Amino acid sequence: MAGEIRDFHPSAKVTVVQKARLPLNATYPDKLRQRIATELEERGVRVIVNDTVRLPQAVLDGADPVTPGRKITTAKGNIIPAELIVRSLSPPHNLISDMYLFQVATAGRRGVNTSFLTAARSPSAPRINGSLNAAGFIETADSLQLKKNPRVFAAGDVVAFPEQHTLIKAGAHAPLVAGNIITLINAEENKGKGTLTEYVKPTDSIAITNGRVSEPPFTLLLILIPLQTRGSLYVDLFTFFGRPIIIGNWLSTMLKSKGLMVGAAKGLMNQS
Amino acid sequence: MSQKTSIIIIGGGAAGVGAAQVLDKKLDPRRHSVTLITEFDYMRHHPAALRAVVTSEGELEKDITLPFDLIFGKDKKGGKGRLSTLKIAKVSSVEETADGGFVHLEGGQRLFWDYLVVATGSEWNGPLRWPSLRKDVPAYLDTWREKFASAKSVVVVGGGAVGVGEFYLPVLRTLPDSF
Chain A
0 MAGEIRDFHP SAKVTVVQKA RLPLNATYPD KLRQRIATEL EERGVRVIVN DTVRLPQAVL
60 DGADPVTPGR KITTAKGNII PAELIVRSLS PPHNLISDMY LFQVATAGRR GVNTSFLTAA
120 RSPSAPRING SLNAAGFIET ADSLQLKKNP RVFAAGDVVA FPEQHTLIKA GAHAPLVAGN
180 IITLINAEEN KGKGTLTEYV KPTDSIAITN GRVSEPPFTL LLILIPLQTR GSLYVDLFTF
240 FGRPIIIGNW LSTMLKSKGL MVGAAKGLMN QS
Chain B
0 MSQKTSIIII GGGAAGVGAA QVLDKKLDPR RHSVTLITEF DYMRHHPAAL RAVVTSEGEL
60 EKDITLPFDL IFGKDKKGGK GRLSTLKIAK VSSVEETADG GFVHLEGGQR LFWDYLVVAT
120 GSEWNGPLRW PSLRKDVPAY LDTWREKFAS AKSVVVVGGG AVGVGEFYLP VLRTLPDSF
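What follows is the structure, given as structure tokens:
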């Protein structure tokens, strides 16, 4: 977002304030995170790390107006011009529950839309209630069935797998869940047994664009593609002697900044 | 079989829609039914949402708030498929029985399920918390765009992928071999 603001409203002073010591979370290697910080600064974005600001409630609600001349002071005493304050927290990562809770506590992230499944809201669904972890994600088997109720499945961001939640995951969960439901229905109708498909985590990926300008050095695109094999071993597809390869701007323009993948979404919804 | 096997999917994002489309294609209309429940009357394409908040350039909202009427095929209307029905409603609670359960909707309706899929996605913050009705999106975006246009300084709180850039890249699997 900082890059977008610089791009479309170049006269505005843009500051990013974050609690962590570098942008992004610890899933991504320091080299990548450092490069993001550097390139943002090269584009004129001030990046303040290891620091926090106390947000007025109106900001949390998205109702805070532009306040001409306003300055705010961070916890560590940095004074920042802040006519507009945008709370821009990442979607949930749910790497491990502890880390997620830490992020909730420090960043105020809202999480996933599962509060209607809690015991308070759905008191007649004890097995589903019991499948929510502390952060609200749904614990499943590798078949994406709830372990406690095999007639219930979870798909997309709500699944409590240790993976980054992106569209690519939703796209991988959907056919697996559908296929497993069909298997269960067939088994039930034929009084037989079916074998369920287990989820294998697809490629973790992230692309970050810094506005729409495509010429170096103004655009950054950083892609990290770790591929998880079965078990806990990570193999970095695009790793060279253990270092992630950072890819230049051309792909950013092609995939994100220009097209923003709109065509794929229209295709899914049959709107193209 | 006296009653059709009922599959209910809660959530109209990429996961819910994708699962519903597969089921609609492969199950048997004589024996099975699928209901896709979505609180929003449109699907938002997340990767372009940040850009749409910051600028009206390209009028992105027209392309990235996608209605559900054709999800089961261009020849189908009103979100109806071979055996699927779209329901725009908010779920108030879920109930489990021995072999299935019920989904209760706000307004009192109750739907039976043999199989349930929860695909309700993330809860978004700040400028990404868009209204649930498509008709309300332009006014909502205008408010944010005016803020960005008039502010001489902006502080972005949070240095995650959303804060520093855009997010999500769903197509890495289709990268060219030469990549």
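Order-wise, the sequence lines are chains A and B. According to numbering that gives the first Met the number 0, the first sequence is numbered sequentially starting from 0. According to numbering that gives the first Met the number 0, the second sequence is numbered sequentially starting from 0. Even glycine gets a Cβ: it sits at the ideal position worked out from N, Cα and C. A quick note: this is a predicted structure, and the numbers were derived from the prediction, not measured.
Close Cβ partners of residue i (< 7 Å) along its chain, the five nearest in sequence each way excluded
{"i": "A:Asn185", "result": "Gly193"}
{"i": "B:Glu56", "result": "none"}
{"i": "B:Arg43", "result": "Ile63, Thr64, Trp129"}
{"i": "A:Asn128", "result": "Leu116, Thr117, Ala118, Ser121"}
{"i": "A:Arg5", "result": "Val13, Arg42, Gly43, Val44, Gly210"}
{"i": "A:Leu232", "result": "Here the model assigns A:Leu232 a pLDDT of 21, short of 50, so the residue's position is not dependable, and the following value carries that caveat. Excluding residues within five positions, none has a Cβ falling inside 7 Å."}
{"i": "B:Pro28", "result": "Arg81, Leu82"}
{"i": "A:Pro80", "result": "Lys12, Lys70"}
Listed by chain order, chain B residues near residue i by CB distance under 8 Å
{"i": "A:Arg53", "result": "The contacting residues do not exist; A:Arg53 stays about 10 Å from chain B at best."}
{"i": "A:Ile84", "result": "Val153, Val154, Val156"}
{"i": "A:Lys12", "result": "Lys151, Ser152, Val153"}
{"i": "A:Asn112", "result": "Gly10, Thr119, Gly120, Ser121, Glu122"}
{"i": "A:Leu116", "result": "Val93, Val117"}
Spatial distance of residue i from residue j (CA atoms)
{"i": "A:Leu223", "j": "A:Asp29", "result": "Caution is warranted here: a pLDDT of 34 is assigned to A:Leu223, below 50, making its placement in the model unreliable, and the coordinate value is therefore given only provisionally. So the two alpha carbons sit approximately 12 Å from each other."}
{"i": "A:Pro55", "j": "A:Glu82", "result": "13 Å"}
{"i": "B:Glu105", "j": "B:Gly12", "result": "20 Å"}
{"i": "A:Ser142", "j": "A:Tyr198", "result": "6 Å"}
{"i": "A:Gln102", "j": "A:Ser114", "result": "Here the model assigns A:Gln102 a pLDDT of 26, short of 50, so the residue's position is not dependable, and the following value carries that caveat. Computed Cα separation, rounded: 18 Å."}
{"i": "B:Glu95", "j": "A:Arg126", "result": "8 Å"}
{"i": "A:Lys12", "j": "B:Glu58", "result": "25 Å"}
{"i": "B:Phe111", "j": "B:His103", "result": "9 Å"}
{"i": "A:Val137", "j": "A:Asn112", "result": "In the sequence as displayed, the identity of residue 137 of chain A is Ile instead of Val. When rounded, the distance between both Cα atoms is 10 Å."}
{"i": "A:Val85", "j": "B:Leu85", "result": "35 Å"}
{"i": "A:Glu188", "j": "B:Ile87", "result": "30 Å"}
{"i": "B:Ser83", "j": "A:Thr117", "result": "28 Å"}
{"i": "A:Ala124", "j": "B:Tyr41", "result": "29 Å"}
{"i": "B:Ser151", "j": "B:Gly77", "result": "Here the sequence assigns Lys to residue 151 of chain B, which means Ser is not the residue at that position. Answer to the nearest angstrom: the Cα atoms are 45 Å apart."}
{"i": "B:Lys73", "j": "A:Gln270", "result": "8 Å"}
{"i": "A:Asn132", "j": "A:Ala153", "result": "13 Å"}
{"i": "A:Pro174", "j": "B:Ala14", "result": "9 Å"}
{"i": "A:Ala62", "j": "A:Val157", "result": "27 Å"}
{"i": "A:Lys168", "j": "A:Gly68", "result": "43 Å"}
{"i": "B:Ala97", "j": "A:Arg150", "result": "10 Å"}
{"i": "A:Gly110", "j": "B:Phe101", "result": "25 Å"}
{"i": "A:Thr51", "j": "B:Gly99", "result": "47 Å"}
{"i": "A:Arg34", "j": "B:Arg50", "result": "22 Å"}
{"i": "B:Phe71", "j": "A:Glu38", "result": "43 Å"}
{"i": "A:Ser10", "j": "A:Met268", "result": "38 Å"}
{"i": "B:Gly80", "j": "B:Phe67", "result": "11 Å"}
{"i": "A:His8", "j": "A:Val15", "result": "15 Å"}
{"i": "A:Ser130", "j": "B:Leu69", "result": "33 Å"}
Neighbourhood of residue i by C-beta distance below 8 Å, restricted to the same chain and skipping five residues each side
{"i": "B:Tyr139", "result": "Trp129, Pro130"}
{"i": "B:Pro137", "result": "Glu60"}
{"i": "B:Val53", "result": "Trp143, Arg144, Phe147"}
{"i": "A:Leu195", "result": "Ser142, Gln144, Asn179, Thr182, Leu183"}
Cross-chain neighbours of residue i in chain A, by beta carbon under 8 Å
{"i": "B:Gly15", "result": "Ala154, Gly155, Ala173"}
{"i": "B:Lys146", "result": "Pro64, Val65, Leu83"}
{"i": "B:Val90", "result": "Phe115"}
{"i": "B:Ala138", "result": "Neighbours of B:Ala138 on chain A: none; closest Cβ ~14 Å, over 8 Å."}
Closer than 7 Å at the beta carbon, the chain A residues around residue i
{"i": "B:Lys25", "result": "Ile181"}
{"i": "B:Lys73", "result": "Asn269"}
{"i": "B:Thr54", "result": "Phe7"}
{"i": "B:Ser131", "result": "Under the 7 Å cutoff, chain A gives no residues; its nearest Cβ is about 12 Å from B:Ser131."}
{"i": "B:Asp135", "result": "Within 7 Å Cβ-Cβ: nothing; B:Asp135 doesn't reach chain A, min ~14 Å."}
Amino acids of chain A, ordered along the chain, whose beta-carbon sits closer than 9 Å to that of residue i
{"i": "B:Pro126", "result": "Met0, Gly61, Val85, Arg86, Ser87"}
{"i": "B:Gly100", "result": "Ser123, Ala124, Ile127, Asn148, Arg150, Val151"}
{"i": "B:Leu69", "result": "Met268, Asn269, Gln270"}
{"i": "B:Thr4", "result": "Ile184, Glu187, Glu188"}
Beta-carbon neighbours of residue i, restricted to chain B and to distances below 7 Å
{"i": "A:Ala264", "result": "His44, Ile63, Leu65"}
{"i": "A:Ala289", "result": "Any question about residue 289 of chain A goes unanswered here, given that chain A covers just 0 to 271."}
Close-in-space but distant-in-sequence residues of the same chain around residue i (CB under 6 Å, 5 per side omitted)
{"i": "B:Val93", "result": "Val102"}
Per-residue contacts from residue i into chain B (C-beta, under 9 Å)
{"i": "A:Arg120", "result": "Ser91, Ser92, Val93"}
{"i": "A:Ile79", "result": "Ser152, Val154"}
query = Are the segment 70 to 79 of chain A and the segment 45 to 56 of chain A touching by the rule of at least three beta carbon pairs closer than 8 Å?
reply = Taking 8 Å as the limit for Cβ pairs, the verdict is that the segment 45 to 56 of chain A does touch the segment 70 to 79 of chain A.
request  = Tell me, please, whether the segment 9 to 18 of chain B touches the segment 34 to 52 of chain B by the rule of three or more beta-carbon pairs shorter than 8 Å.
outcome  = yes
key: the segment 109 to 124 of chain B / the segment 2 to 9 of chain B touching (three or more Cβ pairs under 8 Å)   = Touching, yes.
key: Runs of alpha helix (DSSP H) wholly within the segment 35 to 78 of chain B (minimum 4 residues, chain order)   = 48 to 53, 59 to 63
task = Mind listing, in chain order, the continuous beta strand (DSSP E) runs of no fewer than 3 residues lying wholly within the segment 122 to 206 of chain A?
result = 151 to 153
task = Run through the segment 87 to 164 of chain B for me and flag every whole alpha helix (DSSP H) of 4 or more residues, listed as ranges in chain order.
result = 136 to 149, 160 to 163
message = For a minimum of 3 consecutive residues, which ranges assigned as the beta strand (DSSP E) are wholly contained in the segment 21 to 86 of chain A?
response = If you keep only unbroken beta strand (DSSP E) runs of at least 3 residues inside the segment 21 to 86 of chain A, you get 44 to 47, 70 to 72, 78 to 80, 83 to 86.
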